[in-house]
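Step one of this worksheet: look at the structure below.
Number of protein chains: 2
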Amino acid sequence: METMRVIKVKQSVLANNDARADALRKKLKEKGVFLVNVMSSPGSGKTTLLVDLINRLKDKLKIGVIEADMDATVDAATVESKTGVKTIQLHTSGECHLDAKMVDEGMDFLGDDGLDLVFLENIGNLVCPAEFDTGATLKFVILSIPEGDDKPLKYPLMFRKGDIFVFTKMDAKIVFDFDVNKAEKSILKLNPDAKFFPVSVKANQGVDVLADYLVDAVKKYQGK
Amino acid sequence: METMRVIKVKQSVLANNDARADALRKKLKEKGVFLVNVMSSPGSGKTTLLVDLINRLKDKLKIGVIEADMDATVDAATVESKTGVKTIQLHTSGECHLDAKMVDEGMDFLGDDGLDLVFLENIGNLVCPAEFDTGATLKFVILSIPEGDDKPLKYPLMFRKGDIFVFTKMDAKIVFDFDVNKAEKSILKLNPDAKFFPVSVKANQGVDVLADYLVDAVKKYQGK
Chain X
15 METMRVIKVK QSVLANNDAR ADALRKKLKE KGVFLVNVMS SPGSGKTTLL
65 VDLINRLKDK LKIGVIEADM DATVDAATVE SKTGVKTIQL HTSGECHLDA
115 KMVDEGMDFL GDDGLDLVFL ENIGNLVCPA EFDTGATLKF VILSIPEGDD
165 KPLKYPLMFR KGDIFVFTKM DAKIVFDFDV NKAEKSILKL NPDAKFFPVS
215 VKANQGVDVL ADYLVDAVKK YQGK
Chain D
15 METMRVIKVK QSVLANNDAR ADALRKKLKE KGVFLVNVMS SPGSGKTTLL
65 VDLINRLKDK LKIGVIEADM DATVDAATVE SKTGVKTIQL HTSGECHLDA
115 KMVDEGMDFL GDDGLDLVFL ENIGNLVCPA EFDTGATLKF VILSIPEGDD
165 KPLKYPLMFR KGDIFVFTKM DAKIVFDFDV NKAEKSILKL NPDAKFFPVS
215 VKANQGVDVL ADYLVDAVKK YQGK
């Protein structure tokens, strides 16, 4: 087997984005708004998890949601109707990721005053979203059991960049050979500070633990 | 719910790519090499399907494989060891898609003389790969049952661009609410010429039908 590397340079785009992301993170910190960037493959169960999580958190924290899609509005409509929290839809016109400028504009559009926690549902994609710092306080990476435990080997940047790794659809383990220990070990090699939350929304397992973790993280961030 | 559109223009990049893709398609046609661009989400079962499909086809057609990954070589090693056909690995250095230039260089690297059929396993991604014509003769889009039947609504460009839609992991229908008719109807709305192949490699179902279709398509293309 032979290997060939294709080289493309996009350093300057990324450097500009990093500066803008840092500025946004500083602004959000001053306002006490905790921003969670939620990334995963298409179909990993991001929206289902968010709806469940928000319904557990909305009495404790004031929450907003920014849904990103290339063109659809299906997720934003679902989240807003099932949780009642304010949700806006960003359309990226074909771009496969969110960058800090889009998120900054989205936060203005959402209106961030008084919000404790904003979930940013990124485009379903394990590649591009990992490259662009959105200014988020915390990065969720969602990996569903049917996708397989080899994904950290294949999309290393995503697994290096994430903070919180949520394994979804744990109830599907009965039909898929997914080795949770193997996945965790692969991720820890890339990212020694990774934290893991195995959940099943369908079986009502583990989302409570993740919700408690977030409440604590937001309080700490806000200095409460 | 409110909606905001982010505008970015990348027309010139795409126009250059289209010209290069057309030139590659013409060159491949002259050589009788049928190039299949295989696209899907991460974890949809692309590699598993290709291994099974190639083992059914390799006595009838001379096959090569171009595996694209951002950095890993795990798929190329798997395909080569399990099928014995010549496989090269393209590393895209963080790019989330293949373009016609990369594929043209990859074909030179693979050495296309005498090949009937080349599978190009694109980066696992439902967004960017749809935007870039690779010069392929035929485009496979793979959608696995656990991803959900709403994916055509959320990634419309991919489902508009594909020719052949393969529903994988059909054996997992016992634990997932995936409505095959609904998915097919959504895709046909975007793409009236779409063809569907439901398969399960694990249960040995449907891959034979897809293999027969490909043998016929390659013969027709080569004028045999």
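Respectively, the protein sequence lines represent chains X and D. For the first sequence, my numbering assigns the number 15 to the initial residue and increments by one for each residue that follows. For the second sequence, my numbering assigns the number 15 to the initial residue and increments by one for each residue that follows. The beta carbon of each residue, even a glycine, is placed where N, CA and C say it ideally should be.
{"query": "Taking 9 Å as the CB-CB limit, is histidine 44 (chain X) close to chain D?", "result": "Residue identity check: residue 44 (chain X) is glutamate in the sequence provided, not histidine. Taking Cβ atoms only, chain D never reaches closer than 9 Å to glutamate 44 (chain X), which makes this a no."}
{"query": "In angstroms with no decimal places, state the Cα-to-Cα distance between tyrosine 235 (chain X) and glycine 46 (chain X).", "result": "7 Å"}
{"query": "For a quick check, are the C-beta atoms of alanine 208 (chain D) and phenylalanine 181 (chain D) less than 9 Å apart?", "result": "no"}
{"query": "Counting pairs of Cβ atoms below 8 Å between the stretch 194-210 of chain D and the stretch 47-60 of chain D, do you hit three or more?", "result": "no"}
{"query": "Once the 5 residues before and after aspartate 185 (chain X) are set aside, which same chain residues still bring their CB inside 6 Å of it?", "result": "Ser214, Lys216, Ala217"}
{"query": "What first and last residue would you give for the alpha helix (DSSP H) that runs through glycine 120 (chain X)?", "result": "114-124"}
{"query": "In angstroms with no decimal places, state the Cα-to-Cα distance between serine 54 (chain X) and leucine 129 (chain D).", "result": "37 Å"}
{"query": "Could you check whether the Cβ of proline 212 (chain D) sits closer than 9 Å to any Cβ belonging to chain X?", "result": "no"}
{"query": "Could you check which residue in D:Leu167, D:Lys60, D:Glu119, D:Gly98 has the C-alpha nearest to that of lysine 199 (chain D)?", "result": "D:Leu167"}
{"query": "DSSP beta-bridge partners for alanine 82 (chain X)?", "result": "X:Leu104"}
{"query": "Give the straight-line distance between the Cα atoms of valine 117 (chain X) and glutamate 81 (chain X), rounded to the nearest whole angstrom.", "result": "10 Å"}
{"query": "For a cutoff of 9 Å on Cβ pairs, would you count methionine 248 (chain D) as touching chain X?", "result": "Since the first and last residues shown for chain D are 15 and 238, residue 248 (chain D) lies out of range."}
{"query": "Out of curiosity, what's the CA-to-CA distance linking valine 93 (chain X) and aspartate 83 (chain D)?", "result": "33 Å"}
{"query": "What's the C-alpha gap between threonine 106 (chain X) and leucine 71 (chain X)?", "result": "28 Å"}
{"query": "For the structure I just gave you, are there three or more beta carbon pairs, one from the stretch 58-70 of chain D and one from the stretch 153-163 of chain D, closer than 8 Å?", "result": "yes"}
{"query": "Alpha carbon to alpha carbon, how far is threonine 101 (chain D) from leucine 75 (chain D)?", "result": "15 Å"}
{"query": "Taking any Cβ of chain D, which residues in the stretch 161-187 of chain X have a Cβ under 8 Å from it, in chain order?", "result": "Glu161, Gly162, Asp164, Lys165, Leu167, Lys168, Tyr169, Pro170, Leu171, Lys183, Asp185, Ala186"}
{"query": "Starting from isoleucine 137 (chain X), find everything on chain D with Cβ-Cβ shorter than 7 Å and list it in chain order.", "result": "Val141"}
{"query": "Below 8 Å on the Cβ atoms is my guess for lysine 96 (chain D) versus valine 65 (chain D); work out the distance and round it to an integer in Å.", "result": "5 Å"}
{"query": "Quick check on DSSP: helix, strand or coil for proline 212 (chain X)?", "result": "strand"}
{"query": "Kindly say whether phenylalanine 190 (chain X), judged by its beta-carbon, lies nearer than 9 Å to any beta-carbon of chain D.", "result": "yes"}
{"query": "Quick one: is isoleucine 188 (chain D) buried, meaning 16 or more other Cβ sit within 10 Å of its Cβ, or exposed?", "result": "exposed"}
{"query": "Could you tell me the alpha carbon to alpha carbon distance between glycine 138 (chain D) and glycine 220 (chain D), rounded to whole angstroms?", "result": "22 Å"}
{"query": "Quick one: does valine 65 (chain D) have its CB under 9 Å from some CB of chain X?", "result": "no"}
{"query": "Give me the Cα-Cα distance between arginine 39 (chain D) and alanine 144 (chain D), rounded to the nearest whole angstrom.", "result": "17 Å"}
{"query": "Mind checking if aspartate 264 (chain D) is an interface residue toward chain X, Cβ cutoff 9 Å exclusive?", "result": "Lying outside 15 to 238, the shown extent of chain D, residue 264 (chain D) is not represented and no answer is given."}
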